[in-house]
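In this note's numbering, the protein residues as written are 10 to 380.
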């Protein structure tokens, strides 16, 4: 986790859109910081989901009723009835775009948390962002620890652990799967930070509650800020050879915990019994995938000697005639600089299988049979 304050970084933006600001105190805190730091060029548009009448009814007891006038007197444009999943209808007719930064704090579907509904909400928000965020813009998404794929408390442990499968399993399947949803709209994680609760509270921010009540965060659910940036989406119609990927920029195949990871196995028989052929095949996988295959893990490798006796750690298997080696390799697909979806990774895996059966075998004068 990065410790620098993303709240203060926001002041460097020229135009900021806040989606779903609840009781509007986040906007109040941001304007207070703007005044302190003398960032006069900042233009802020703050939106809430409710109509103005609904907002006054909901927050009249917990929020200063003058906050709307307070913000407008300081140049903030406050808009009601803005739906983050329908920005073309509810926002675009009322403002000029694009924005340098879009902020959304603790989105929720209302009522009891349902993973399916929460993921659908986030997916729609990411899709709608393309209508309002400029190409170099950032999306600041505040979540409670546990909603994101990686627990904050285990971040350092995961970064330092060299066990690849440990890193792969760090992406929790019972989270909101934010990273995996974002790539479908062309967003990847830029950085992760602590939510600046103290800095905001000192400037008037009051947490409206995760489900719309006035309760503060549960002590075990530490809030975080995930910052996303826009990147091109890798298309399923693209071929790996045509992709604008710099192999060297793929971090020398180092697993990146802030990118989606897709696991695919490839099992095969090969006509030679030399381990070097398996290593050649691994190198060919890295090269063909332009290092989007970050790791190749040996699930099993077994050979037959000249007497047709199996020598390996596995039991005898029905190896076809003419083949001396069997193997199962586990591939970890991941892309650093572009948005890689599950479907595109699957298509690239299929293209890789065809390459291994044809071009690889021709180049290395061996026979390989996928299984």
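C-beta: ideal position from N, C-alpha, C; glycine also. In this text the structure is predicted, and so the values were computed from the model without any measurement.
Inset, instruction - Check whether the Cβ atoms of residue 197 and residue 238 lie closer than 9 Å to each other. - result: To locate residue 197, count along the chain shown from 1; it is residue 188. To locate residue 238, count along the chain shown from 1; it is residue 229. The answer is yes: Cβ separation under 9 Å.
Inset, instruction - Determine, using beta carbons only, whether residue 296 comes closer than 9 Å to chain D. - result: Structure shown: chain D not included; a single protein chain is present.
Inset, instruction - With distances taken Cα to Cα, identify the nearest neighbour of residue 204 among 180, 188 and 152. - result: Residue 204 sits at position 195 when you count from the first residue of the chain shown. With distances taken between Cα atoms, residue 204 lies closest to 152.
Legend entry - Meets three-Cβ-pair contact criterion under 8 Å: the segment 140-149 and the segment 57-74: no
Inset, instruction - Could you tell me which of 297, 19, 200 and 128 sits nearest to residue 38, measuring between CA atoms? - result: Taking the first residue of the chain shown as 1, we reach residue 38 at position 29. Taking only the C-alpha atoms, the option nearest residue 38 is 19.
Legend entry - C-alpha distance - residue 248 paired with residue 47, whole-angstrom precision: Position 239 of the chain shown holds residue 248. Position 38 of the chain shown holds residue 47. The alpha-carbon atoms of residue 248 and residue 47 are separated by roughly 50 Å.
Inset, instruction - Answer yes if the segment 183-195 comes into contact with the segment 114-134, meaning at least three C-beta pairs across the two stretches below 8 Å, and no otherwise. - result: yes
Inset, instruction - State yes or no: is the C-beta of residue 339 within less than 9 Å of the C-beta of residue 274? - result: The sequence position of residue 339 within the chain shown is 330, counting from 1. The sequence position of residue 274 within the chain shown is 265, counting from 1. In contact: residue 339 and residue 274 (Cβ atoms closer than 9 Å).
Inset, instruction - Flag this pair as touching only if the segment 265-272 and the segment 360-374 have three or more C-beta atom pairs under 8 Å; answer yes or no. - result: no
Inset, instruction - Could you tell me which residues DSSP puts in a beta bridge with residue 334? - result: Translated into positions along the chain shown, residue 334 becomes position 325. Answer is 279 and 312.
Legend entry - Inter-stretch contact (C-beta, 8 Å, three-pair minimum) for the segment 51-61 and the segment 87-101: yes
Inset, instruction - Could you tell me which uninterrupted beta strand (DSSP E) segments, each at least 3 residues in length, are contained entirely in the segment 98-160, listed from first to last along the chain? - result: 108-114 and 142-153
Inset, instruction - Taking residue 377 and residue 365 to be in contact with their CB atoms under 8 Å, please state how far apart those CB atoms are, rounded to whole angstroms. - result: On the chain shown, position 368 is the one that residue 377 refers to. On the chain shown, position 356 is the one that residue 365 refers to. Contact holds; Cβ gap of about 6 Å.
Legend entry - Selection from 279, 288, 209 and 295 that minimises the alpha carbon distance to residue 312: For the purposes of this step, residue 312 is taken as residue 303 along the chain shown, with counting starting at 1. Here the closest residue by C-alpha is 279.
Legend entry - Span of the alpha helix (DSSP H) around residue 180: Locating residue 180 in the chain shown gives position 171, counting from the first residue. Per DSSP, residue 180 belongs to no alpha helix (DSSP H) and is neither H nor E.
Inset, instruction - Could you pull out every residue in the same chain whose Cβ sits closer than 8 Å to the Cβ of residue 99, ignoring the five residues on either side in sequence? - result: Position 90 of the chain shown, counted from the start, is the residue given in the question as residue 99. So the qualifying residues of the chain are 90, 91 and 92.
Legend entry - Where residue 246 falls: helix, strand or coil (DSSP): Counted from its first residue, the chain shown places residue 246 at position 237. The answer is coil: DSSP assigns residue 246 none of H, G, I, E or B.
Inset, instruction - Buried or exposed for residue 156, please, with buried defined as at least 16 other CB atoms from any protein chain shown within 10 angstroms of its CB. - result: In the chain shown, residue 156 corresponds to position 147, counting from 1. Buried, because 16 or more other Cβ atoms sit within 10 Å of the Cβ of residue 156.
Legend entry - Contact check, residue 201 vs residue 110, beta carbons under 9 Å: Counted from its first residue, the chain shown places residue 201 at position 192. Counted from its first residue, the chain shown places residue 110 at position 101. In this structure, residue 110 does not lie closer than 9 Å to residue 201 by Cβ.
Inset, instruction - Check whether the Cβ atoms of residue 114 and residue 16 lie closer than 9 Å to each other. - result: Taking the chain shown and counting its residues from 1, one reaches residue 114 at position 105. Taking the chain shown and counting its residues from 1, one reaches residue 16 at position 7. Result no, Cβ atoms of residue 114 and residue 16 do not sit closer than 9 Å.
Legend entry - CB contact flag (residue 208, residue 14, <9 Å): Taking the chain shown and counting its residues from 1, one reaches residue 208 at position 199. Taking the chain shown and counting its residues from 1, one reaches residue 14 at position 5. Going by C-beta atoms, residue 208 is nearer than 9 Å to residue 14.
Legend entry - Rounded C-alpha distance that separates residue 135 from residue 194: Mapped onto the chain shown, residue 135 falls at position 126. Mapped onto the chain shown, residue 194 falls at position 185. Using only the alpha carbons, I get a separation of about 6 Å.
Inset, instruction - Quick one: residues in its chain with C-beta nearer than 7 Å to the C-beta of residue 375, no 5 flanking neighbours on either side, listed in chain order? - result: Residue 375 sits at position 366 when you count from the first residue of the chain shown. Once the five neighbours on either side are set aside, the close Cβ partners of residue 375 are 279, 280, 281 and 286.
Legend entry - Extent of the continuous alpha helix (DSSP H) to which residue 15 belongs: Taking the first residue of the chain shown as position 1, residue 15 is located at position 6. From DSSP, the alpha helix (DSSP H) with residue 15 extends over 15-18.
Legend entry - Coarse secondary structure for residue 287, derived from DSSP in three states: Here the question's residue 287 lines up with position 278 in the chain shown. Three-state DSSP puts residue 287 in a helix.
Inset, instruction - Take the Cβ of residue 70 as the centre, count every other Cβ of all protein chains shown within 10 Å, and call the residue buried at 16 or more, exposed below. - result: One-based indexing of the chain shown puts residue 70 at position 61. The residue is exposed, with fewer than 16 neighbouring Cβ atoms inside 10 Å.
Inset, instruction - Locate the alpha helix (DSSP H) running through residue 439, then write down its first and last residues. - result: In the structure displayed, the chain extends from 10 to 380; residue 439 sits before or after that span and is not available.
Inset, instruction - Starting from the C-beta of residue 298, find all residues in its chain whose C-beta is less than 7 Å away, skip the five residues before and the five after it, and write them out in chain order. - result: Position 289 of the chain shown, counted from the first residue, corresponds to residue 298. Within the same chain, residue 298 has close Cβ partners 249, 357 and 361.
Legend entry - C-alpha distance - residue 206 paired with residue 50, whole-angstrom precision: The residue given as residue 206 occupies position 197 in the chain shown. The residue given as residue 50 occupies position 41 in the chain shown. Spanning the two alpha carbons is a distance of roughly 25 Å.
Inset, instruction - Report yes if the CB atom of residue 347 is closer than 9 Å to the CB atom of residue 236, and no otherwise. - result: Along the chain shown, read from residue 1 onward, the residue named residue 347 stands at position 338. Along the chain shown, read from residue 1 onward, the residue named residue 236 stands at position 227. Result no, Cβ atoms of residue 347 and residue 236 do not sit closer than 9 Å.
Inset, instruction - Please confirm whether residue 245 and residue 350 have their CB atoms less than 9 Å apart. - result: To locate residue 245, count along the chain shown from 1; it is residue 236. To locate residue 350, count along the chain shown from 1; it is residue 341. Closer than 9 Å, so yes.
Legend entry - Residue from 112, 138, 379 and 271 whose Cα sits closest to the Cα of residue 233: Translated into the one-based positions of the chain shown, residue 233 becomes position 224. Comparing Cα positions, the closest option is 112.
Inset, instruction - Mark residue 304 as exposed unless 16 or more other C-beta atoms lie within 10 angstroms of its C-beta, in which case mark it buried. - result: Here residue 304 refers to the residue found at position 295 of the chain shown. Per the 10 Å Cβ criterion, buried.
Legend entry - residue 336 versus residue 342: straight-line alpha-carbon distance, rounded: Counting from one through the chain shown, the residue named residue 336 turns up at place 327. Counting from one through the chain shown, the residue named residue 342 turns up at place 333. In a straight line, the C-alpha of residue 336 is about 19 Å away from that of residue 342.
Legend entry - Endpoints, the alpha helix (DSSP H) within which residue 187 is located: Within the chain shown, residue 187 is the residue found at index 178, counting from 1. 187-191 is the span of the alpha helix (DSSP H), which, as asked, contains residue 187.
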